[in-house]
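A.B. asks:
Numbering (the working numbering), first residue to last: 141 to 356.
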C-alpha cells in the first residue's frame, strides 16, 4: 500500500482548491487502496471570495484550516509530509494564488517554499507527481525547465504559452484524458479547465490516477 500525498490550496475553486477535483482525487486514490496523506501549507489565503456572489470579501482564512473541510480532518504541511510514494495537486484558483502567485505575476511568479521543495524532491527522486486543472502551472514554475517536463492544462492558449515560457512542454488534451510524461513520472489532466460537469472531471482524474498507480 503506497502513501500518496494530496496537496490542496484551501476550499473552494475561486480562492482555494477545487472541491470536485479534490474529492474525485480522494475517491480515485481510495479505489486503488492506497493511503492518502492530506497536505496543505500553513499560510493565509491571498484572497477570500464569496462563492455565492463571486465578490472578494475582507475575511481572513487559513489555507490549512480550509483544507481540513475537504479532508474531514487536519492536513500536514508539505515540509512534514514524510516519505511519500506519489504526490497529487488538484486545481482550483488557489493553486495559482496560494501555492504560487502566478495569477498576479505570471511567469515571474514564485512558489510557496515548502510546496516548491516537496515538488522538486518528488521529481528529483523520480516519484510520481500528478497535477490537475491549473495546478500544472505550479509544477512548471517550480521546475522552470530543469527538467523540461510534459504537461497539459487542456487547450487554453494563453496558459499553455505561459507553461512553455516556464520551460515545460505543453500538450493539448481532451477533458477525459491525461498526459503522461513517462520519463519524469508526471501526469496531468485538464479537469475544470475544460470540464462542463463533475462527471467529466472524474473521468480524467480516474485515468490520471490509474497512470500514477501503475508506477507504484
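Built from N, CA and C at the ideal position, the CB exists for glycine as well.
Which residue's Cα is closest to the Cα of residue 211: 306, 239, 164 and 237?
C.D. replies: Selected option, being the one with the closest Cα: 164.
A.B. asks: Taking all protein chains shown into account, do 16 or more other C-beta atoms lie within 10 angstroms of the C-beta of residue 300, making it buried, or fewer, making it exposed?
C.D. replies: It is buried - the Cβ of residue 300 has at least 16 other Cβ atoms within 10 Å.
A.B. asks: Using a threshold of 9 Å, state whether the C-beta atoms of residue 148 and residue 177 are closer than that.
C.D. replies: Taking 9 Å as the Cβ cut-off, residue 148 and residue 177 do not qualify as a contacting pair.
A.B. asks: Which runs of the alpha helix (DSSP H) fall wholly inside the stretch 233-275 and span at least 4 residues, in chain order?
C.D. replies: Correct list: 242-245 and 253-264.
A.B. asks: Would you say the beta carbon of residue 221 comes nearer than 8 Å to a heavy atom of the ligand ZN?
C.D. replies: No copy of the ligand ZN appears in this structure; indeed no ligand is present at all.
A.B. asks: How many whole angstroms separate the CB atoms of residue 340 and residue 272, which I take to be in contact at a CB cut-off of 8 Å?
C.D. replies: Wrong, their Cβ atoms sit about 12 Å apart, outside the cutoff.
A.B. asks: Whole angstroms is fine: what's the gap from residue 141's alpha carbon to residue 227's?
C.D. replies: Cα-Cα distance, rounded: 14 Å.
A.B. asks: Closest by CA to residue 279, which one among 328, 298, 206 and 265?
C.D. replies: Among 328, 298, 206 and 265, the Cα nearest to that of residue 279 is on 328.
A.B. asks: Between the C-alpha atoms of residue 314 and residue 170, what's the straight-line distance to the nearest angstrom?
C.D. replies: The alpha-carbon atoms of residue 314 and residue 170 are separated by roughly 24 Å.
A.B. asks: Run through the stretch 160-246 for me and flag every whole alpha helix (DSSP H) of 4 or more residues, listed as ranges in chain order.
C.D. replies: Fully enclosed alpha helix (DSSP H) runs of 4 or longer: 203-211 and 242-245.
A.B. asks: In the DSSP assignment, find the alpha helix (DSSP H) that holds residue 352 and state where it starts and stops.
C.D. replies: Taken as a continuous stretch (DSSP letters only), the alpha helix (DSSP H) holding residue 352 covers 338-353.
A.B. asks: Who are the near neighbours of residue 284 in its chain, counting only those whose CB is closer than 7 Å to its CB and skipping five residues on each side?
C.D. replies: Answer for residue 284: 306 and 307, listed in chain order.
A.B. asks: Taking the straight line between their C-alpha atoms, what separation do you get for residue 310 and residue 274?
C.D. replies: When rounded, the distance between both Cα atoms is 12 Å.
A.B. asks: Compare the C-alpha of residue 297 against each of 321, 287, 333 and 250 and name the closest.
C.D. replies: Cα-wise, what sits closest to residue 297 is 333.
A.B. asks: In the structure shown, what three-state DSSP assignment does residue 327 receive?
C.D. replies: Reduced to three states, the DSSP call for residue 327 is strand.
A.B. asks: If I follow the unbroken beta strand (DSSP E) through residue 143, where does it start and stop?
C.D. replies: Its beta strand (DSSP E) spans residues 143-147.
A.B. asks: Could you tell me which residues DSSP puts in a beta bridge with residue 321?
C.D. replies: For residue 321, which the question treats as bridged, DSSP gives the partners 326.
A.B. asks: Quick one, are the C-beta atoms of residue 203 and residue 150 less than 9 Å apart?
C.D. replies: Result yes, Cβ atoms of residue 203 and residue 150 sit closer than 9 Å.
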